[in-house]
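In our numbering, the protein residues as written are 1 to 597.
This is the structure:
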């Protein structure tokens, strides 16, 4: 007997339906999902005209705040988080990464050995046990995983090694804000790679970057991959994964002509022609001086920069550019001149002047006229006799390959430094992920070495670390995709992909329809499709508004046309879709809609 394709589909659907109806304990068929059996505390929270995505998450019943920067995930929220983690697991498996779970508590001593403790101690949750052993709640796990691998690695044949986890992390944020976007307790996926050579480490970096792009593509998010600074993580190869957003705390610079994209810490503009005319006064050139001070209060920093940028626009100092040459600059001081005066006064009283100096950091546009301008600047009596040093080029460069300092923040319309023809675009963005090539930043201080066939001595292992903020993505998607009606989840992480809403009470016919639809979708998709029935004893209008607020990708309405003619209404907000579909075509139509989400 031969069967055509449609007959096979009908037979498969019927068999799955029988399994669904007759399934007992232990049978691998998904049970019926109904909202009456899920705790969804919606309602009772008033909306506002300026409601944010985070406020919609609360009103839709995804989470509640416990304390400042700390949130409880409710059942719908946990479903979103679990789906994010499952999607990450899929992409980590694609690059051969093994999943583990490292201890939340870590030793302060490990962080002291790596040199990170003093740089980050103000953000750490610290504690001591009854034996007065100092520990902390881990914000990241570079030290722990390096120590673990150092104690277990036996041979270079065990490399490359890729280990990851998705766990809670902790950071004592001074000002938690924007809900899940800047919290004190959060979930993050962190991957650590271990290679025996630089070439192998770079190959791993590229593989991970490819997996990250695929992950964000599954979420249908317009991610910008930006060149970035490694900061206190160390290393010299780094990229950030940003979602453009008006509430973003980062700034991403991109070119309208080439693929140049960078955050404002590393972005520069096209090398400017010297627009300053020697012999003009500071007032004529609109030269400005920005003041700063180092963390030890021994050095006063004066950054000289032109007050006008390209096209005559008012220029702003690029703090990151100043920190590139003054690495211990303290940007937290609101009044550096007051702090400097207090510091020099204290040293005058103690007759200790060792190590203090004034550093002039000069923008490349002012180099030719800097000497003349210095004569116009008066020195306070308290600063007389203090050594003055001038920096006008990047560290590590010489007269033969001198690279001047660009101290201006890139602005909209500046020239691209990469292609030399395009113009720069400036966008606010949310950082959702970050990749670092670490080199031997952690393996050297924590003694993670390996003996190679051609080396006389063991060599430090080459490392990389790669993070994705699960909680941040949760909050960022809510902000990015919400509209005036409510949330809108990408199919990949929606709490349910489809909600079925009957316009009247739920009957046996309604349940049978839902069960059969679930089975037909499973047969069509080759997997269970997350479909939920809203069987709550609430008005039809309330349930429709609630469905909009929760943000299901697809809504199937069982109204009078379904009861009388077997026709369902299918709605999809993100596709601006509302169609009447006969029951016999519904599963095929829904599969088509889902494939576009």
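Note that the Cβ used here is the ideal one computed from N, Cα and C, for glycine as well.
Residue 319 and residue 290 have their alpha carbons spaced roughly 10 Å apart. The Cβ atoms of residue 201 and residue 193 lie closer than 8 Å to each other. In this structure, residue 531 lies near residue 500, with their beta-carbon atoms less than 8 Å apart.
If you look at residue 333, you'll find it isn't in any alpha helix (DSSP H); DSSP assigns it neither H nor E. Look at the beta carbons and you see the stretch 484-504 touching the stretch 77-96: at least three pairs across the two are nearer than 8 Å. In the DSSP assignment, residue 374 falls within the unbroken alpha helix (DSSP H) covering 367-374. Between the stretch 211-227 and the stretch 399-418 there are fewer than three inter-stretch CB-CB distances shorter than 8 Å, so the stretches are not counted as touching. Contact between residue 70 and residue 249 does not hold, since the beta-carbon distance rounds to 19 Å and is not under 8 Å.
Counting the other CB atoms within 10 Å of its CB gives residue 111 a total of 16 or more, which places it among the buried residues.
Annotation for residue 42: 59, 60, 61, 546, 549 and 550 place their beta carbon closer than 8 Å to its own, counting only its chain and skipping 5 residues before and after.
Put simply, of 482, 559, 497 and 333 the residue whose alpha carbon is nearest the alpha carbon of residue 505 is 559.
Put simply, the backbone Cα of residue 245 is about 5 Å away from that of residue 429.
Shortest Cα-Cα distance from residue 239 to any of 594, 526, 333 and 431 involves 431. Cβ-Cβ separation between residue 56 and residue 486: approximately 6 Å, consistent with a contact (criterion under 8 Å).
Within the model, the alpha-carbon separation for residue 259 versus residue 206 is close to 17 Å. DSSP places residue 118 in the helix class (H, G or I) of the three-state scheme. Taken in chain order, the unbroken stretches of beta strand (DSSP E) that lie wholly in the stretch 159-237 and span 3 residues or more are 161-170, 185-195 and 224-227. In the displayed model, residue 589 falls within a helix according to three-state DSSP.
Per DSSP, residue 153 lies in no beta strand (DSSP E) segment and is marked neither H nor E.
Scanning its chain for C-beta atoms nearer than 6 Å, with the 5 sequence neighbours on each side dropped, one finds around residue 98 the residues 163, in chain order. Residue 225 holds the alpha-carbon nearest to the alpha-carbon of residue 210 among 225, 583 and 362. Contact check for residue 363 and residue 394: beta-carbon distance about 12 Å, past the 8 Å limit, so the pair fails to qualify. The Cβ atoms of residue 464 and residue 434 do not sit closer than 8 Å to each other. Three or more Cβ pairs drawn from the stretch 323-330 and the stretch 292-305 lie within less than 8 Å of each other, which places the two stretches in contact. Exposed is the label assigned to residue 453, since fewer than 16 other Cβ atoms lie within 10 Å of its Cβ. Per DSSP, the continuous alpha helix (DSSP H) segment holding residue 323 begins and ends at 319-325. The beta-bridge partner set that DSSP reports for residue 125 consists of 137.
Linking residue 590 to residue 76 through their CA atoms gives a straight-line distance of about 22 Å. If you draw a 10 Å sphere on the C-beta of residue 263, you find 16 or more other C-beta atoms in it, and that means buried.
With respect to the 8 Å criterion, residue 359 and residue 299 are classified as neighbours on the basis of their beta carbons. Nearest C-alpha to residue 502 among 309, 313 and 555: 555.
Membership of residue 67 in the beta strand (DSSP E) is indicated by the continuous run 63-67. For residue 82, the closest C-alpha among the options 566, 122, 102 and 167 is that of 167. For residue 419, no beta strand (DSSP E) run applies, since DSSP gives it neither H nor E. Setting aside the 5 residues that flank it on each side, residue 582 is surrounded in the same chain by 566 and 567, each with a C-beta closer than 7 Å to its C-beta; the list follows chain order. Rounded to the nearest whole angstrom, the CA to CA distance from residue 455 to residue 461 is 13 Å.
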